[in-house]
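Worksheet for the structure shown next.
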Amino acid sequence: MPAYAIISDVHANLQALKAVLAEIEKEDIDSLLFAGDSVGYGPEPNECVELLRTKTSLMIAGNHDWGAVGLTDVRDFNAYAHVAIDWTRDVLTTENFSYLHDLPLTKKISGDRDIFLVHGTPQEPDQWHYFSFEFDAKVNFRSFDEQICFLGHSHIPFIAERSPRGKTSSFYARAEVKDRYRYIVNAGSVGQPRDGNPDASYVLFKDDVIEIKRVSYDILLTQKKMKKAGLPSYLINRLSEGR
Ligand code: ZN
Numbered sequence: 002m003p004a005y006a007i008i009s010d011v012h013a014n015l016q017a018l019k020a021v022l023a024e025i026e027k028e029d030i031d032s033l034l035f036a037g038d039s040v041g042y043g044p045e046p047n048e049c050v051e052l053l054r055t056k057t058s059l060m061i062a063g064n065h066d067w068g069a070v071g072l073t074d075v076r077d078f079n080a081y082a083h084v085a086i087d088w089t090r091d092v093l094t095t096e097n098f099s100y101l102h103d104l105p106l107t108k109k110i111s112g113d114r115d116i117f118l119v120h121g122t123p124q125e126p127d128q129w130h131y132f133s134f135e136f137d138a139k140v141n142f143r144s145f146d147e148q149i150c151f152l153g154h155s156h157i158p159f160i161a162e163r164s165p166r167g168k169t170s171s172f173y174a175r176a177e178v179k180d181r182y183r184y185i186v187n188a189g190s191v192g193q194p195r196d197g198n199p200d201a202s203y204v205l206f207k208d209d210v211i212e213i214k215r216v217s218y219d220i221l222l223t224q225k226k227m228k229k230a231g232l233p234s235y236l237i238n239r240l241s242e243g244r
């Protein structure tokens, strides 16, 4: 069975991306999947898009990727995200701009365990909903056919498991994948975690175990670069708090 690493929501944080890639390199994985939002918020969008292009096997679009290239209406973004996305649009190279423009919304991978990859939710991927298992697990599990869906967007990592009888359970560190059970897994965020833990988050899926991993990185250096780029201090400060 192939081994996967899944990363999401890098948000132009090169320091966090490099730290996570260095950890992933120590794991014996076959394929690195990216669940969207390479840019937005952070100071190094071009570097991150270029590194992701060389390191990942599959990339899909997030709302910030599509927002930066005019495919998603950024008037729905909050004021800080809006400022950052305007800045991002200005600094993106023509090549990276068209790369983001061509990213698909979803991807499917067939194998021993079929995989569905989306940024927001399997239900209406282009509406950028946040998945929450308390309220909309049922409809979202019905919105894809594969056994496991990996996603991001909320920047809060977790694993939702649905039994063949329709009972949903949640895990925050690790889950064993069982036949006939289905999973929705939020990989959390590499570049801007929001679960109170400032360490970068990613997911490892190998030998039928899904594991949420955390990696510390040089937050101060990212914050310095953000300051230099003139990005909002609200966005700079939240990195050290993981919120
Ligand atoms: Zn995001």
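Numbering of the sequence shown is given in the working numbering, commencing with residue 2 and proceeding in unit increments. Yeah, the Cβ is synthetic: ideal placement off N, Cα and C, and Gly gets one too.
- For the set Ala82, Pro46, Tyr235, Ile211, the Cα lying nearest the Cα of glutamate 96 is the one of Pro46.
- Taking alanine 20 as reference, the option from Ile160, Leu232, Arg215 with the minimal CA-CA separation is Arg215.
- In the same chain as leucine 101, and ignoring 5 residues on each side of it, the C-beta atoms closer than 8 Å to its own belong to Ser39, Val40, Val50, Ala62, Asp66, Trp67, Ala69, Val70, Leu93, in chain order.
- If the five residues before and after proline 105 are omitted, its C-beta is found closer than 7 Å to the C-beta atoms of Ile61, Ala62, all from its own chain and listed in chain order.
- The beta carbon of aspartate 127 sits closer than 7 Å to those of Leu106, all from its chain and outside the five residues before and after it, given in chain order.
- Three or more Cβ pairs drawn from the segment 76–95 and the segment 229–237 lie within less than 8 Å of each other, which places the two stretches in contact.
- In this structure, DSSP gives asparagine 198 a state outside helix and strand, which the three-state scheme calls coil.
- For valine 178, the closest C-alpha among the options Asn238, Asp115, Ser32, Asp77 is that of Asp115.
- Phenylalanine 132 has its alpha-carbon roughly 12 Å from the corresponding atom of glycine 189.
- Non-local C-beta neighbours of glutamate 24 in its own chain, meaning closer than 8 Å and more than five positions away in sequence, comprise Tyr203, Lys214, Val216, ordered along the chain.
- Short of 7 Å from the beta carbon of isoleucine 157, and not among the five residues preceding or following it, lie these beta carbons of its own chain, in chain order: Asn187, Gly189, Arg195, Asp196.
- For tyrosine 81, same chain residues with a beta-carbon under 7 Å away, outside a window of 5 residues either side, are Pro233, Tyr235, Leu236 in chain order.
- The set of residues with a C-beta under 5 Å from any non-hydrogen atom of the ligand ZN comprises Asp10, Asp38, given in chain order.
- If one requires a minimum length of 3 residues, the beta strand (DSSP E) runs lying completely within the segment 22–81 are 32–35, in chain order.
- Note on glycine 243: 16 or more other CB atoms within 10 angstroms of its CB, so buried under the neighbour-count rule.
- Taking C-beta separations shorter than 7 Å and ignoring five residues to either side along the sequence, the partners of phenylalanine 78 in its chain run Gly68, Ile86, following chain order.
- In the structure shown, serine 234 adopts helical secondary structure according to DSSP, grouped into three states.
- Contact between lysine 207 and isoleucine 30 holds: CB atoms are separated by about 7 Å, below the 8 Å threshold.
- The alpha-carbon of glutamine 124 is positioned some 5 Å away from that of asparagine 141.
- Counting every other CB atom within 10 Å of its CB across the protein chains shown gives proline 165 a total below 16, marking it as exposed.
- Using a 10 angstroms sphere on the CB of threonine 73, the tally of other CB atoms reaches 16 or more, which defines it as buried.
- Under the three-state reduction of DSSP output, lysine 229 falls in the helix class.
- Taking every protein chain shown into account, the CB of valine 210 has fewer than 16 other CB atoms within 10 angstroms, so this residue is exposed.
- Selection Tyr42, Phe35, His154 evaluated against arginine 54 yields Phe35 as nearest (Cα-Cα).
- For the 8 Å CB-CB criterion, isoleucine 160 and phenylalanine 172 form a contact.
- Nearest Cα to glycine 121 within the set Gly167, Lys225, Thr89, Asp137: Asp137.
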